[in-house]
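Printed below as a string of structure tokens:
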């Protein structure tokens with residue numbers, strides 16, 4: 007669709023006119039590259055679409071954020087228009103490696119946008135939103151500028167959403183509010199955050215938007231007159247105190263932030279402190295506190311409305327003093343006090359001290375931000391990743407103190423237990439209680455800004471499984487929950503290892519198999535590590551009959567016996583006419599088949615049953631059909647044994663019980679696929695009342711070691727309760 011409204015040719019007659027804006031302040035070599043990118047853009051026949059912003063408007067907006075030249079160029083060449091006419095390889099050749107790599111990142115993010123416009127089913131949209139979030143975080147770790155370009159692209163796109171149908175418009179607005187605005191906040195780009203929030207809110211809740219906007223407009227003249235008077239009075243007081251660098255001005259209010267505060271604090275519009283707001287800008291931190299002293303000495307300040315974000319910056323680097331006072335006529339006024347540099351930081355975020363400017367200082371706080379995001383990507387399955395991002399990126403923060411006065415930064419809603427794990431993992435593991443401001447409190451009590459937190463520990467204390475229950479509220483941070491889960495995984499492994507070793511020793515003693523070593527058994531059951539072998543036995547992935555079968559086989563080997571069970575094809579449930587070359591109890595070439603009821607695999611303890619007309623059916627010794635044979639049929643049992651190793655596959659039934667969730671079956675089959683295990687049948691059943699799901703799968707494995715390994719991996723999946731082999 008060609009654009010009639012969203013076309014840069016309608017605003018700029020030539021590349022030179024745009025260059026006057028984009029090239030300002032850059033070196034001659036950088037200006038030349040920007041001009042080259044614009045010339046290429048102007049030469050293209052495609053002039054854009056009605057539902058996507060044009061690359062020139064995105065580049066101009068980025069320039070206003072004080073980004074570097076590489077970022078401006080990448081926003082042009084990374085656009086959907088240029089992507090069709092200049093491959094990334096050509097960008098590398100013509101514009102250099104740095105720009106080429108950045109353009110590749112931008113196009114990687116943009117590629118999902120095209121697909122999302124073409125496929126808009128709810129399930130597709132949800133899965134693509136998850137993928138977009140992962141790509142955004144990966145890009146922030148690799149080069150944060152790619153995400154900044156995406157944020158500006160989305161901000162410029164918001165006014166164009168009116169061209170979409172209502173369903174798509176609402177979904178895009180919700181995504182902007184839930185994903186893009188929080189990421190802008192994380193990067194400290196205040197002007198993008200406010201703009202996207204207000205535009206998205208207007209689409210999602212037009213009635214609420216209109217209500218707040220109308221309330222702001224109704225008394226606007228009176229409120230502006232009041233603010234002008236307050237600014238004049240405060241400015242005069244600051245001059246009297248010789249604070250001559252100060253600039254005092256009214257602060258714009260944003261509709262979504264007003265509505266959010268009304269909803270969060272259950273207040274009416276007239277009850278808000280910050281509807282009337284001013285901002286004071288000075289040159290130094292010392293002057294910030296001097297201004298605060300003047301404000302508090304001139305008007306009565308409102309308790310609990312003071313925040314010192316200079317001493318305790320927000321996670322995104324935001325710094326300012328916030329206070330509220332009862333001004334003239336007893337009306338509440340919010341006052342923000344900050345240096346001019348802090349004001350630039352708040353409005354421009356990562357661009358204010360650009361990380362990539364040649365010779366420029368690295369922004370340490372931004373680097374810490376990026377490092378924390380990098381940690382979220384490590385050792386996380388999809389659901390844990392999303393949970394961690396939700397708690398670490400998209401939440402507000404709370405700042406509390408250790409008894410020594412150190413500041414600890416946590417997600418909003420964090421508890422003393424989160425605090426303990428943030429300070430040190432071992433302190434969290436040994437936590438037995440907590441004090442807030444000197445008082446003993448429950449471990450699940452939410453922390454508030456300024457709290458002093460002391461953790462009570464004990465050598466004998468240990469994590470409890472109910473800490474992982476979200477509904478109980480012990481932990482708010484996904485990172486803390488991950489540490490608790492890791493502890494339990496480790497403890498379970500240690501217990502299973504101990505139990506497994508005892509079981510092996512007991513079974514060898516029972517069978518009087520003193521000549522068989524633990525290592526012999528481990529190798530016979532195809533494990534390459536003794537600890538893994540013990541864990542599999544302790545967890546009952548290797549049952550006692552299976553262990554006994556392996557012991558018997560090794561004893562037979564030592565006695566020189568060579569009874570073998572062979573098959574040249576995958577052993578599944580037997581069918582009529584199934585043939586195999588098998589020697590059973592010294593008799594060769596008998597027809598044999600693997601029993602479909604218990605599906606034995608090497609090295610289960612097995613027995614043969616002579617059928618009528620179908621040869622020998624091979625069962626596990628603990629098969630319920632074998633155990634329930636009558637006296638006459640027991641006479642048809644015959645000894646069989648596993649023989650030489652082969653690369654055959656054997657069908658096994660496993661049963662899984664889990665809390666039901668979206669993507670559960672996909673995650674299960676992904677693990678099986680990664681292990682190169684074939685799935686021949688799947689049956690699922692959900693219990694809506696219990697919110698659980700049961701799965702019965704038939705899979706093909708080579709031996710017990712592979713079966714034990716894959717069952718262990720399945721148990722590690724989120725929401726999995728039990729994984730068992732079916733008899």
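In our numbering, the protein residues as written are 7 to 733. C-beta: ideal position from N, C-alpha, C; glycine also. All figures in this text were calculated on a predicted structure; none of them were measured in a lab.
Using only CA atoms, which one of the options lies nearest to residue i?
i, options, result
"residue 17", "83, 452 and 63", "63"
"residue 663", "603, 624 and 730", "730"
"residue 350", "194, 230, 212 and 100", "194"
"residue 435", "481, 406 and 418", "481"
"residue 674", "659, 717 and 698", "717"
"residue 170", "209, 196 and 645", "209"
"residue 61", "20, 105, 447 and 162", "162"
"residue 550", "627, 220, 460 and 409", "627"
"residue 227", "212, 241 and 282", "282"
"residue 458", "407, 173 and 451", "407"
"residue 656", "46, 510, 607 and 103", "607"
"residue 728", "705, 700, 30 and 706", "700"
"residue 332", "70, 678 and 304", "304"
"residue 158", "112, 314 and 490", "112"
"residue 539", "519, 562, 555 and 509", "509"
"residue 307", "315, 291 and 336", "336"
"residue 521", "503, 562, 541 and 67", "562"
"residue 4", "311, 346, 485 and 615", "This structure cannot speak to residue 4, because the chain is shown only from 7 to 733."
"residue 418", "429, 68 and 484", "484"
"residue 654", "707, 624 and 682", "707"
"residue 76", "49, 46, 40 and 455", "40"
"residue 42", "101, 51, 31 and 71", "101"
"residue 330", "311, 293, 106 and 732", "311"
"residue 616", "605, 604 and 632", "632"
Given a cut-off of 7 Å on the beta-carbon distance, is the pair residue i and residue j in contact?
i, j, result
"residue 552", "residue 610", "yes"
"residue 613", "residue 635", "no"
"residue 763", "residue 80", "As shown, the chain starts at 7 and ends at 733. That puts residue 763 outside it, with no answer to give."
"residue 711", "residue 531", "yes"
"residue 264", "residue 339", "no"
"residue 440", "residue 453", "no"
"residue 116", "residue 86", "yes"
"residue 464", "residue 445", "no"
"residue 621", "residue 641", "no"
"residue 250", "residue 288", "no"
"residue 341", "residue 300", "no"
"residue 233", "residue 286", "no"
"residue 65", "residue 82", "yes"
"residue 262", "residue 166", "no"
"residue 182", "residue 152", "no"
"residue 677", "residue 719", "yes"
"residue 298", "residue 316", "no"
Could you tell me how far apart the beta carbons of residue i and residue j are, in whole angstroms, since I believe they sit closer than 8 Å?
i, j, result
"residue 685", "residue 703", "6 Å"
"residue 426", "residue 404", "Actually they are not in contact, since the Cβ atoms of residue 426 and residue 404 sit about 15 Å apart, beyond 8 Å."
"residue 423", "residue 473", "7 Å"
"residue 709", "residue 667", "Contact doesn't hold; Cβ gap of about 31 Å is too wide."
"residue 259", "residue 222", "7 Å"
"residue 646", "residue 713", "That belief does not hold up - the Cβ atoms of residue 646 and residue 713 are roughly 20 Å apart, past 8 Å."
"residue 284", "residue 237", "6 Å"
"residue 247", "residue 213", "That pair is no contact at about 47 Å."
"residue 557", "residue 514", "7 Å"
"residue 353", "residue 196", "5 Å"
"residue 554", "residue 517", "7 Å"
"residue 186", "residue 202", "6 Å"
"residue 73", "residue 189", "Wrong, their Cβ atoms sit about 16 Å apart, outside the cutoff."
Based on the DSSP secondary-structure assignment, which residues constitute the bridge partners of residue i?
i, result
"residue 311", "Residue 311 pairs with nothing; no bridge assigned."
"residue 331", "307 and 339"
"residue 115", "For residue 115, which the question treats as bridged, DSSP gives no partner whatsoever."
"residue 254", "286"
"residue 502", "According to DSSP, residue 502 bridges with nothing at all."
"residue 689", "702"
"residue 437", "463"
"residue 445", "442"
"residue 345", "288"
"residue 415", "405"
How about residue i: is its C-beta nearer than 7 Å to some C-beta of chain C?
i, result
"residue 620", "Judged by its chain identifiers, the structure shown contains no chain C, having just a single protein chain."
* **Within the region 506-538, ranges of the alpha helix (DSSP H) (whole runs, at least 4 residues)** => 524-530
* **Those runs of the beta strand (DSSP E) which lie wholly inside the region 611-668 and span at least 3 residues** => 612-616, 622-626 and 656-665
* Any alpha helix (DSSP H) of 4 or more consecutive residues that is wholly inside the region 161-222 -> Within the region 161-222, the runs of alpha helix (DSSP H) that reach at least 4 residues and sit entirely inside it are, in chain order, 172-181, 187-192 and 196-210.
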